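According to my numbering, numbering within the sequence shown proceeds without interruption in unit steps and concludes at 668. As structure tokens, the structure follows; a few thoughts come after it.
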Amino acid sequence: MGLTALAGALRIIHLAGMPPGLYHDEAINGLDALRVLRGSYPVYFPANHGREPLFLYLVAVAVKAVGRTPGAVRLPAAVCGTLTIPVTFWMTRAWFKRSTALLSAAIMTAMLWHVHLSRTGFRAVTLPLMVGSFLAVIGHALRSQRPLTWAAAGALYGLSFYSYVAVRFTPVPLLGLGVYLLCIRRGRDLWPGVLCFAGGALLCLLPLAIYTLGHWHVVMGRPSQVSIINPAVNGGAFWRTLWSHVARTMGMFFVRGDTIARHNVPGRPVFTVPLGAAMVLGTARAGVRARGGDAGSALVLVWLAGMLVPTVAAADAPHFLRAVGILPVLAILPALGIETLLDAHVQKGYRVYPAILIALALAYGLGSTVRDYFVDYAQSADTRYAFESAAVELASEINRFTGTGWDGQALNDGIPPVDAGRRVLVDRRLWEAWDAVPFLVPQQESVTLIQPKSPQPLEEADHVLLLLWPYGDLEPQLAALPRPATIKVDVGPLTRGDLEDEPYPAYAAYEIGPGADPTADVAGRFRDTRSRDTLSLVDYSVDVTSGDLRRSYTVQLNWRAEMAPSADYTAFVYLCDERCTASTILAQDDAQPGTTFYPTSLWRPGVVVVDARTLHLPATAPPTVTVGVGLYAWPNMERLAITEPPGPWLDDILLIPTAD
């Protein structure tokens, strides 16, 4: 019970945000879950290279319960992963003694590979649960020889084919176990049980088998694409590729693991050094015991050999999703190694010290998992890019604006409502590039998809959120913005594709509201003496937040072009004393007031652009500072002259007094 509770904590805490984002494979599972909730019940899901249905039906239940959130897609994985721990104990106990079962369950509990798998919305997590279940019942059936137990084992085995594609390799180790039992003369009386097992399996497999025969290319197409037999994978060197994959797969346990950030902390091996050494010792012990007629040890060895084939025989070895079929059986090997050490010391009369060392090894494995996963991996930018966190940010930004759906933080949905009549315009490329966006946005009647070269006209005073892919020609759509209007521009989070070298902002967000009164007084007016461009500081605000170590100044400047500017200008914000000379500047921020995605050359008269900056000072800085504001042309750095209010203004810096 304690191990299961610990496993649940490692797999469920902060599930919605760790890993950050929602990869498109996970999002497609969510979209198919929505189709299930609308009344579609396929036996196999053909989209996204084809997927077995068990996990997707569990996702449908979760989405029904908590809403369209990343947590809903991942909650079934967390539950399956947590349940795998008692199943690991049950399975191991069916073939070995109780202490081996406890150690195996403890190793699975803290194994980073399985912890991560249980926190992602990939269907592969269901396979270890099914493997542990049917191997446990097979172990009981071998002892009891009851037909019903054999039939139950077969039914569980048949159901496992609805979990994950790697299950298709399980007949190989099961056949190997059967041959072993015949060799040690334990298989002669198994035929009645084997027939019951086959009957239960075929009965459960029948719907999927019928679908497969009618849709062979759908079910079997993906394995042929990634197989090392495919010249596109082996590059014309099959044998070299095969031996390379064998070596890399053998090294995944204690040298170098899967390097794909969606599957693993990149490159981290399965085991820490102590548990890796225990695995080597356990493998040797299992080999000795198998030669002596121990069926459990033989099962472990043939199972690992057979279920490593999916990653050896496919691209990107070692691949922790394709190799998932070795779980939870893999945990038995280090458990056997630990028992070997313990037994050797007990025979010499030492009991306490070996137990302490074993506890320390297990605690080290747990601590290593927590550090590597919940600290280093959680804070890595590569993790955010791998799970397409920018798509989740985009969807939650839409939801917060419309007041429906998931807010970007909680496990379930539930955003406070906002005023009615809001509209969202989304560049079709953003909506179609990320499956997470249509899954996470429930109120799609408020969303309009716009074509890149077909600007959408907006009525005056509309409250609109415009989301654009900012790397094309922005001018047609921005020229169609209403006037007068107030526009706040935000740059989206960074993203990076798997084949891209550098990250870049994922999108630009333009929040459009009613404009300001054009006849009202302004706080300042700036003019380019060469081009006669005039920009006004319509209004401003300064908010100060004090902390133990620093003070933060949030400065909001509302700019307006009095005529269409001919150049791109940069606004600077200083924190300084009342003179604001170069020697008294405490902090500064220089940036285009509408960001690079709404430069001043695209502004039109009547549009107010909100420019928000946050500057920081140490807590020991003077308690009273002045905000200095100005504009300059790039790249000649020539400042715009202040024409209002009357000066003189030193260096054309408009001073805004503020008190902490």
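Glycine is no exception: its CB is placed at the ideal position from the N, C-alpha and C atoms. Keep in mind the model is a prediction, meaning the values are calculated, not measured.
message: Quick test of your reading: Thr391 and Pro28, contact by CB under 8 Å. State the CB separation rounded to the nearest angstrom.
response: For the purposes of this step, residue 391 is identified with residue 383 of the sequence shown, where counting begins at 1. For the purposes of this step, residue 28 is identified with residue 20 of the sequence shown, where counting begins at 1. Right, the Cβ-Cβ distance comes to about 6 Å (below 8 Å), so this counts as a contact.
Which of helix, strand or coil DSSP assigns to Glu584: Here the question's residue 584 lines up with position 576 in the sequence shown. Looking at the sequence itself, residue 584 is Cys, so the reference to Glu does not match. Of the three classes helix, strand and coil, the one that applies to Cys584 here is strand, per DSSP.
task: With a floor of 3 residues, list each beta strand (DSSP E) that falls wholly inside the region 461-534, ordered by position along the chain.
output: 472-476, 493-499 and 516-522
- request: Flag this pair as touching only if the region 154-169 and the region 301-311 have three or more C-beta atom pairs under 8 Å; answer yes or no.
  value: no
task: With distances taken Cα to Cα, identify the nearest neighbour of Tyr548 among Leu91, Val618 and Asp33.
output: Reading the sequence shown from its first residue, position 540 is the one you call residue 548. It is Val618 whose Cα lies nearest to the Cα of Tyr548.
- request: For the alpha helix (DSSP H) holding Pro626, just list the boundary residues, first then last.
  value: Looking up residue 626 in the sequence shown gives position 618. Premise fails: Pro626 lies in the beta strand (DSSP E), Val615 to Pro626, not in any alpha helix (DSSP H).
query: Mind checking whether Leu329 and Met116 have CB atoms under 9 Å apart?
result: The residue labelled residue 329 in the question sits at position 321 within the sequence shown. The residue labelled residue 116 in the question sits at position 108 within the sequence shown. No.
- request: With Tyr640 as the anchor, note down where its beta strand (DSSP E) starts and where it stops.
  value: Here residue 640 is taken as the residue at index 632 of the sequence shown, counted from 1. Per DSSP, the unbroken beta strand (DSSP E) holding Tyr640 starts and ends at Thr632 to Ala641.
- prompt: What residue range is occupied by the uninterrupted beta strand (DSSP E) comprising Arg293?
  reply: Here residue 293 is taken as the residue at index 285 of the sequence shown, counted from 1. Counting along the chain, Arg293 falls outside any beta strand (DSSP E), though it belongs to the alpha helix (DSSP H) covering Val281 to Arg299.
In DSSP terms, what Asn566 is bridged to: Working through the sequence shown from its first residue, we reach residue 566 at position 558. Bridge partners of Asn566: Asp547 and Val618.
Among Tyr31, Pro282 and Gln451, nearest to Arg408 - alpha-carbon criterion: Translated into the one-based positions of the sequence shown, residue 408 becomes position 400. Ranking the options by Cα distance to Arg408, first place goes to Gln451.
query: From Ile218 to Pro179, what distance separates their C-alpha atoms?
result: As a first step, residue 218 is located in the sequence shown; it is residue number 210 there, counting from the start. As a first step, residue 179 is located in the sequence shown; it is residue number 171 there, counting from the start. Cα to Cα, the separation comes out at about 19 Å.
query: By DSSP, does Glu652 sit in helix, in strand, or in coil?
result: Position 644 of the sequence shown, counted from the first residue, corresponds to residue 652. The answer is strand: DSSP assigns Glu652 an E or B state.
query: Do Val637 and Thr494 have their C-beta atoms within less than 9 Å of each other?
result: For this step, residue 637 is matched to residue 629 along the sequence shown. For this step, residue 494 is matched to residue 486 along the sequence shown. Judged by beta-carbon spacing, Thr494 lies beyond the 9 Å limit of Val637, meaning their Cβ atoms are not closer than that value.
- request: Taking all protein chains shown into account, decide if Leu658 is buried (16 or more other Cβ within 10 angstroms of its Cβ) or exposed.
  value: Looking up residue 658 in the sequence shown gives position 650. By the neighbour-count rule (16 or more Cβ atoms within 10 Å), Leu658 is not buried but exposed.
task: Kindly indicate which three-state DSSP category Tyr49 falls into: helix, strand or coil?
output: Along the sequence shown, read from residue 1 onward, the residue named residue 49 stands at position 41. It is coil, neither helix nor strand.
task: For Glu586, collect the residues of the same chain with a Cβ closer than 8 Å to its Cβ; drop the 5 residues on either side in sequence, then sort them by chain order.
output: Numbered from 1 along the sequence shown, position 578 holds the residue referred to as residue 586. Excluding sequence neighbours, Glu586 sits near Thr634, Leu663 and Pro665.
query: Where does the unbroken alpha helix (DSSP H) through Ser595 begin, and where does it stop?
result: For the purposes of this step, residue 595 is taken as residue 587 along the sequence shown, with counting starting at 1. Reading the sequence as shown, one finds Ala at residue 595 and not Ser. Per DSSP, Ala595 belongs to no alpha helix (DSSP H); it is in the beta strand (DSSP E), Ala595 to Ala599.
query: Does the pairing of the region 129-149 with the region 167-178 give three or more beta-carbon distances under 8 Å?
result: Yes, the region 129-149 is in contact with the region 167-178.
Spatial distance of Gln600 from Phe447 (CA atoms): Residue numbering aside, residue 600 sits at position 592 when the sequence shown is read from its first letter. Residue numbering aside, residue 447 sits at position 439 when the sequence shown is read from its first letter. Approximately 34 Å between the Cα atoms of the pair.
query: With a cut-off of 8 Å, do at least 3 Cβ pairs link the region 552-560 to the region 570-577?
result: no
query: How is the beta strand (DSSP E) around Asp435 delimited, first residue to last?
result: Numbered from its first residue, the sequence shown carries residue 435 at position 427. From DSSP, the beta strand (DSSP E) with Asp435 extends over Arg431 to Asp435.
- request: Provide the residue span of the beta strand (DSSP E) that contains Thr456, from first to last.
  value: One-based indexing of the sequence shown puts residue 456 at position 448. Annotation for Thr456: the continuous beta strand (DSSP E) segment containing it runs Val455 to Ile458.
- prompt: At which residues does the alpha helix (DSSP H) containing Pro200 begin and terminate?
  reply: The residue given as residue 200 occupies position 192 in the sequence shown. Start and end: Trp199 to Gly222.
query: Do Thr77 and Asn566 have their CB atoms nearer than 9 Å?
result: Indexing the sequence shown from 1 puts residue 77 at position 69. Indexing the sequence shown from 1 puts residue 566 at position 558. It is not a contact, given that the beta carbons lie outside the stated cut-off.
- request: Pull up the distance between the alpha-carbon of Pro513 and that of Val320, whole angstroms please.
  value: Position 505 of the sequence shown holds residue 513. Position 312 of the sequence shown holds residue 320. Each residue's Cα considered, the two are about 37 Å apart.
task: Pair every Cβ in the region 338-346 with every Cβ in the region 214-228, then say whether three or more of these pairs are closer than 8 Å.
output: no
message: If I measure Cβ to Cβ from Ala469 and keep anything under 6 Å in the same chain, skipping five residues before and after, which residues do I get?
response: Residue 469 sits at position 461 when you count from the first residue of the sequence shown. Because Ala469 carries a pLDDT of 48, less than 50, the predicted location of this residue cannot be relied on, and the following value inherits that uncertainty. So the list reads Pro522, once near-sequence residues are dropped.
field: Alpha-carbon to alpha-carbon, Pro277 and Gly259
entry: Translated into the one-based positions of the sequence shown, residue 259 becomes position 251. Translated into the one-based positions of the sequence shown, residue 277 becomes position 269. Taking the straight line from one Cα to the other gives about 8 Å.
- prompt: Does the separation of the CB atoms of Val67 and Gly184 fall below 9 Å?
  reply: Position 59 of the sequence shown, counting from 1, holds the residue named residue 67. Position 176 of the sequence shown, counting from 1, holds the residue named residue 184. No, these two residues do not count as a Cβ contact at 9 Å.
field: Limits of the unbroken alpha helix (DSSP H) element including Phe142
entry: Translated into positions along the sequence shown, residue 142 becomes position 134. Thr134 to Ser152 is the span of the alpha helix (DSSP H), which, as asked, contains Phe142.
query: From Pro215 to Tyr170, what does the alpha carbon distance come to, in whole angstroms?
result: Residue numbering aside, residue 215 sits at position 207 when the sequence shown is read from its first letter. Residue numbering aside, residue 170 sits at position 162 when the sequence shown is read from its first letter. Distance between the alpha carbons of Pro215 and Tyr170 is about 10 Å.
message: Could you give the first and the last residue of the continuous alpha helix (DSSP H) run that contains Phe447?
response: Locating residue 447 in the sequence shown gives position 439, where the first residue counts as 1. Per DSSP, Phe447 belongs to the alpha helix (DSSP H) from Ala444 to Leu448.
Nearest candidate by alpha-carbon position, reference Arg379, set Thr280, Leu198, Phe63 and Gly602: Taking the sequence shown and counting its residues from 1, the one referred to as residue 379 is at position 371. Out of Thr280, Leu198, Phe63 and Gly602, Thr280 has the C-alpha closest to the C-alpha of Arg379.
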